[in-house]
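Visitor:
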Amino acid sequence: MSNGTKNIAILGSTGSVGRNALKVIAALGKGFRAAALSAHSNYKLLAEQAKQYQPDVICISDESNYEALRVELKDFGGKILCGGAGLVEIAESGGIDIVLTSIVGVAGLAPVLAAAKSGKRLAIANKEPLVVAGRLLTETAKANGAEILPVDSEHSAIFQCMQAGCVDEVQRIILTASGGPFRGYSAQQIRDVTLEQALAHPTWNMGPKITVDSATMMNKSLEVIEARWLFGLPIEKIEVLIHPESIVHSLVEYVDGSVIAQMGTPDMCLPIQYALTYPQRVKGIANHLKLDELGSLNFEKPDVETFRALKLAFEVAETGGTACAVFNAANEAAVGLFLDGKINFVNIVEAIEHCLEKHEVIRDASLEELLDTDLWAREEVNQCLNPNTVKK
Ligand code: MG
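Here numbering that gives the first Met the number 0 is used: the first residue of the sequence shown is 0, the next is one more, and so on.
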């Protein structure tokens, strides 16, 4: 916009990525500004952020918290919006240059598509837009000159490694995975794990849903699909490699045999910053890596027999259409039940398998068909996972 300042909208500013993004933007200082913020229901923190960062506009997507937010912000000079329509209004606003999205669930789909339609830079931190609507989103972005930049650390790594060559020269991309807290467990051992064990991630500090996804390796599974769309590569060019230290964030192997890796401390501030400043690199707040203190880095093949979600991901990515929406929604619903203590850890992947078996895939699905499928899979999981019959 005016005077070269990049006005950034953070959709999902009260979550872990959103809070880090605010820190990154504050540290970048001149040239970058948090111009719009949104939260789903945490109106108290959103109000605090509004007072501190003085954005032009904020939005609370859960409308039942709108009045409470207004009361908190009696003296706020900016605009206060609510609901999904408020998110879309921000995403397509002419006053915004970069839309950073970190909205949980499919609620983020409409604003992401709106930002793509208005030709903005999209910094995507949540997986759903690319997993559920990968084809629709990438085609919309292309048709309208919008840039999609990854914030997910692995995809940011691949994007950075891609600067070393062109897409046609890529032999394969290798997504690294920490392996989660159950790395090395047998299929039998994993049957007895508890919620507390699943929530104790060895290297990354994240929200509960993504931490459980890391334990099932569903997180990596979603990332495989995300990568397929983000980089426009056939699924056979995507691989997963276990790397417990989470220092090598991912790698790209080129046709000449050269492998380019991106490394850094496990800190989301770096990928967030790169998505905002690309193609430039500037001094930031992420901790710097000291390889000599680490000593060694380890790599191993993933165990797709124990972590079945990973095997499913490649099948689902190949199938495409609404299959990816089922994969994502069934997982989200099942993880919700697991976090509520209603089902066991292994029931999560069983629920996804059940839904995929039952679903009839629609290819080249519209947004409406994708959202309908999402809803169907959630209902199916809640019906088929009756705690009284499933819990052992
Ligand atoms: Mg990731």
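Glycine is no exception: its CB is placed at the ideal position from the N, C-alpha and C atoms. Quantities reported herein were computed from a predicted structural model and do not represent experimental measurements.
Check whether the stretch 318 to 327 touches the stretch 131 to 138, counting contact only when three or more Cβ pairs, one atom from each stretch, lie closer than 8 Å.
Guide: The stretch 318 to 327 is in contact with the stretch 131 to 138.
Visitor: Determine the DSSP secondary structure at M0, reduced to helix, strand or coil.
Guide: At M0, the pLDDT of 43 sits below 50, so the modelled position is not reliable and the matter cannot be decided from this model.
Visitor: What's the gap between the Cα of K310 and the Cα of E352?
Guide: 11 Å
Visitor: Determine the extent of the beta strand (DSSP E) in which K116 is found, giving its start and end residues.
Guide: Looking at the DSSP string, K116 is not in any beta strand (DSSP E); the run it does join, the alpha helix (DSSP H), is 108 to 116.
Visitor: Is it right to say A38 is buried, meaning 16 or more other beta carbons lie within 10 angstroms of its own, or is it exposed?
Guide: Under this definition A38 is a buried residue.
Visitor: Does the beta-carbon of V166 have 16 or more other beta-carbons within 10 angstroms, so that it is buried, or is it exposed?
Guide: exposed
Visitor: Checking contacts by CB at 9 Å: is V348 closer than that to chain D?
Guide: Of the chains in the structure shown, none is chain D; there is only one protein chain.
Visitor: Nearest CA to the CA of V281: which residue from L290, V98, I271?
Guide: With distances taken between Cα atoms, V281 lies closest to I271.
Visitor: Beta carbon of E352: closer than 8 Å to some heavy atom of the ligand MG?
Guide: no
Visitor: Check whether the stretch 114 to 121 and the stretch 38 to 48 are in contact - that is, three or more C-beta pairs closer than 8 Å.
Guide: no
Visitor: By the DSSP assignment, the alpha helix (DSSP H) with E238 in it spans what residues?
Guide: Segment 237 to 241 is the beta strand (DSSP E) holding E238; no alpha helix (DSSP H) there.
Visitor: What does the Cβ neighbour count give for D373, buried or exposed, with the cut at 16 atoms within 10 Å?
Guide: buried
Visitor: Classify I347 as helix, strand or coil using the three-state DSSP reduction.
Guide: Here I347 sits in helix by DSSP.
Visitor: Let me check you understand the geometry: is the CB of R152 closer than 8 Å to at least one non-hydrogen atom of the ligand MG?
Guide: Just to set this straight, residue 152 is Ser in the shown sequence, not Arg. Yes.
Visitor: Measuring only the C-alpha atoms, how far is G148 from E138?
Guide: First, the residue type needs correcting, since residue 148 is Leu and not Gly in the sequence shown. Rounded to whole angstroms, L148 to E138 spans 15 Å at the Cα level.
Visitor: What residues are listed by DSSP as bridge partners for F31?
Guide: K5
Visitor: Measuring only from the beta carbon, is E222 closer than 8 Å to any heavy atom that is part of the ligand MG?
Guide: yes
Visitor: Could you pull out every unbroken alpha helix (DSSP H) segment of at least 4 residues lying fully inside the stretch 89 to 176, listed in chain order?
Guide: 108 to 116, 127 to 143, 152 to 160
Visitor: N125: beta carbon under 8 Å from a heavy atom of the ligand MG?
Guide: no
Visitor: Considering just the uninterrupted stretch of the beta strand (DSSP E) at Y253, what are its terminal residues?
Guide: Start and end: 247 to 253.
Visitor: For the alpha helix (DSSP H) containing A329, name the first residue and the last one.
Guide: That run of the alpha helix (DSSP H) goes 322 to 338.
Visitor: Does the stretch 106 to 113 come close enough to the stretch 74 to 87 to have 3 or more Cβ pairs within less than 8 Å?
Guide: yes
Visitor: Sorted by chain position, which residues of the same chain lie with C-beta nearer than 8 Å to N143's C-beta, five sequence neighbours on each side aside?
Guide: Contacts found: A115, K116, S117, G118.
Visitor: Answer with buried or exposed for E356, where buried requires no fewer than 16 other C-beta atoms within 10 angstroms of its C-beta.
Guide: exposed
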